[in-house]
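Under this note's numbering, the residues of the sequence shown are numbered 1116 to 1447, in order. By construction, the Cβ of each residue, glycine as well, lies at the ideal position given by its N, Cα and C atoms. These notes are about the structure you will find just below.
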Amino acid sequence: MKSEYGPAILTSARKIAADAPGIAEAARILRHGGLVAIPTETVYGLAADATSDAAVARVYAAKARPKFNPLIAHVPSLEAALGQGIFSADALRLAEAFWPGPLTLVVPLAPGATVCAASRAGQPSIALRVPIHPVALAVISAAGRPLAAPSANRSGRVSPVTAAHVARDFAGEIDLILDGGRCQVGLESTIIECLEEHPRLLRPGGIARKDIETVLGRALAEPLGSDPVRSPGMLNSHYAPRAKLRLEASTRDESEAGLDFGRIFGEGKNVLDLSPSRDLAQAAANLFIFLRDLDAREPAYIAVAPIPCEGLGEAINDRLRRAAAPRPNRTL
Ligand code: TXA
Ligand code: MG
């Protein structure tokens, strides 16, 4: 079918409220091969029909995303997921415990799966997620097919947690932004690969390792390093602010901006505290907003206070390490 949403003609992305008419409009655009940024509980996703090579090709082009980096297919229920992937006993246990919610499971592709090869970057596996955000669920259901949705940022940039962030990264390349306010979790889903005997943590995220290990009754296997084909999201320089980050800083120089946690740095014009009360869920929800905010003030350096590596702290520290990693092109 020829899409009426071929090359984009808009000069800026249209932003509408995520109410019933907005959701219906989003679903209509998606069914016709268009791109819609939708809110999820983690971050905004750039959604497209996951069963259409042409629609998915537009996602890769809009994000300037390497073609080898597969997308997560978002489905409305475990039942729908079972049509796309093969679930081991462990995968089923995790899905039942954490779906809908910020967990992505990488499982072998099911025979008869409808998610297209481009969406999977040709992998024999598929990443599946059932989000809990009511708008995301409503859009997926109304579209009537799995939606491929990477974070709605240009490749290599900080993930968006508001509709305004999405609008800053994209103009005419996308057809619609559904404004559902601020994302509650604030960082991406936890990704668990269930391809071998031991489920493996590919990306720490919105569900803490400890909670997953409690359900499994054993420890998760560790990531296999930064093999870009196995999980390109594990690439080091992934979440890139313009400023350089100085991690684990116990003091802040006057010239530096400060990303504080638990009032280490004290008051200051360019200091934002992720959580004065040392609440890791609050810190996760603020992380990308504060990083963008401080970066926009154009400091050369952002000093980052130490954050404990427990619970959601593991994902927070993971994103901070990536943001601090050296990269060849700092303008990306
Ligand atoms: O919270 C989230 O997961 C958000 C929201 C929008 O759902 N999405 C998101 O997508 O973070 P993205 O594309 O930014 O990150 C997905 C990660 C990538 O690192 C990709 O490499 C990995 O999932 N991935 C996807 N399919 C995979 C597969 N078959 N095997 C291994 N990794 C896979
Ligand atoms: Mg991303």
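Backbone secondary structure at Tyr1354 - three-state DSSP
In the displayed model, Tyr1354 falls within coil according to three-state DSSP, outside both helix and strand.
Going by C-alpha to C-alpha distance, which of Asn1385, Val1276, Val1250 sits closest to Leu1409?
Shortest Cα-Cα distance from Leu1409 to any of Asn1385, Val1276, Val1250 involves Asn1385.
Looking only at DSSP bridge pairs, what is Ala1438 linked to?
The bridge partners DSSP lists for Ala1438 come to none.
Coil, strand or helix - Ile1417 by DSSP:
Per DSSP, reduced to three states, the secondary structure at Ile1417 is strand.
Ordered along the chain, which non-local residues of its own chain (more than five positions away) have a Cβ less than 6 Å from that of Ser1234?
Within the same chain, Ser1234 has close Cβ partners Ala1165, Val1171, Leu1186, Ala1263.
Neighbourhood of Glu1308 by C-beta distance below 6 Å, restricted to the same chain and skipping five residues each side
Correct list, in chain order: Val1221, Arg1315, Leu1317.
Runs of beta strand (DSSP E) lying entirely within the segment 1197-1274, each at least 3 residues, in chain order:
Look at the segment 1197-1274 and you find these whole runs of beta strand (DSSP E), each 3 residues long or longer: 1218-1223, 1240-1244.
Within the same chain, show all residues whose beta-carbon is closer than 7 Å to that of Val1250, passing over the 5 residues directly before and after it, in chain order.
These residues qualify, in order along the chain: Ala1133, Ile1138, Ile1153, Pro1154, Leu1293, Gly1295.
Give every residue of the same chain whose Cβ lies closer than 7 Å to the Cβ of Ser1240, excluding the five residues on either side of it in the sequence, and list them in chain order.
Beyond the five residues adjoining it in sequence on each side, Ser1240 comes within less than 7 Å, by CB distance, of Val1221, Val1222, Pro1223, Leu1224, Leu1310 in the same chain, given in chain order.
Under the rule that 16 or more other beta-carbon atoms within 10 Å means buried, what is Asp1284, buried or exposed?
Buried, by the Cβ-count rule.
Local conformation of Glu1369 per DSSP, three classes
In the three-state DSSP reduction, Glu1369 falls in the coil class, being neither helix nor strand.
Where does Ala1135 sit, in a helix, a strand or coil, going by DSSP?
Helix, per DSSP.
CA nearest to the CA of Ala1418, picked from Leu1207, Leu1427, Ala1430, Arg1436
Closest in C-alpha terms to Ala1418, from the list Leu1207, Leu1427, Ala1430, Arg1436, comes Arg1436.
Using only alpha-carbon positions, find the residue among Ala1236, Ser1274, Gln1397 that is nearest to Ala1355.
When the alpha-carbon of Ala1355 is set against those of Ala1236, Ser1274, Gln1397, the nearest one is in Ser1274.
Measure the alpha-carbon distance for Phe1405 versus Ser1167 and round it to whole angstroms.
Across the structure, Phe1405 and Ser1167 are spaced so that their CA atoms are roughly 36 Å apart.
Which residues in the same chain as Ile1144 place their Cβ atom closer than 7 Å to its Cβ, once the five residues preceding and following it in sequence are excluded?
Tyr1120, Val1151, Asp1290, Leu1291, listed in sequence order.
From the DSSP output, read off the bridge partner residues of Leu1335.
Paired residue(s): none; Leu1335 is not in a bridge.
Can you give me the Cβ contacts of Ala1399 inside the same chain, cut-off strictly under 6 Å, excluding the 5 residues immediately before and after it?
Only Gly1301, Leu1302, Leu1427, Ile1431 meet the Cβ criterion.
In whole angstroms, what separates the C-alpha of Leu1374 from that of Arg1393?
For Leu1374 and Arg1393, the distance between alpha carbons rounds to 13 Å.
Would you say the beta carbon of Ser1234 is closer than 6 Å to some non-hydrogen atom of the ligand MG?
The answer is no for Ser1234.
Three-state secondary structure (DSSP) at Ile1144?
In this structure, Ile1144 counts as helix in the three-state DSSP scheme.
Taking only heavy atoms of the ligand MG into account, decide whether any of them is closer than 6 Å to the Cβ of Ser1266.
Using a cutoff of 6 Å, the CB of Ser1266 counts as near the ligand MG, since one of the ligand's heavy atoms is closer than that.
Can you list, in chain order, the stretches of the alpha helix (DSSP H) that have 4 or more residues and sit fully within the segment 1291-1324?
Within the segment 1291-1324, no complete alpha helix (DSSP H) run reaches 4 residues.
The ligand TXA and Thr1155: does the residue's C-beta get closer than 6 Å to at least one heavy atom of that ligand?
Thr1155 has its CB nearer than 6 Å to a heavy atom of the ligand TXA.
Among all the DSSP beta bridges, which residues are the ones paired with Val1171?
Looking at the DSSP assignment, Val1171 forms no beta bridge with any residue, so it has no partner.
Hey, could you find the ends of the beta strand (DSSP E) Asp1164 is sitting in?
For Asp1164, the enclosing beta strand (DSSP E) has its first and last residue at 1160-1164.
Of all the options Pro1136, Pro1338, Arg1180, Ala1439, which has the alpha carbon lying nearest to the alpha carbon of Ala1415?
Each of Pro1136, Pro1338, Arg1180, Ala1439 was checked against the Cα of Ala1415, and the nearest Cα belongs to Ala1439.
Reducing DSSP to helix, strand and coil, say where Asp1394 ends up.
Of the three classes helix, strand and coil, the one that applies to Asp1394 here is coil, per DSSP.
Where DSSP assigns a beta bridge to Asp1388, which residues make up the other side?
Asp1388 is bridged to Asp1375.
Answer yes or no: the CB of Ala1242 versus the heavy atoms of the ligand TXA, is any distance below 6 Å?
Look at Ala1242: its beta carbon is less than 6 Å from one of the heavy atoms in the ligand TXA.
How would you label Leu1407, buried or exposed, when you count the other beta carbons within 10 angstroms and need 16 or more for buried?
According to the sequence displayed, residue 1407 carries Arg and not Leu. Per the 10 Å Cβ criterion, buried.
In the structure shown, what three-state DSSP assignment does Leu1193 receive?
Leu1193 sits in a helix when the DSSP states are folded into three classes.
Measure the C-alpha to C-alpha separation of Pro1215 and Leu1209 and round it to an integer number of angstroms.
Cα-Cα distance, rounded: 11 Å.
Residues that DSSP places opposite Leu1360 in a beta bridge
Answer by DSSP bridge pairing, in chain order: Ile1417.
Between Asp1368 and chain D, is there a C-beta pair that is closer than 7 Å?
Although the question refers to chain D, the structure presented lacks it and comprises just one protein chain.
Note down the Cα distance separating Ile1327 from Leu1335, rounded to an integer number of angstroms.
Answer to the nearest angstrom: the Cα atoms are 8 Å apart.
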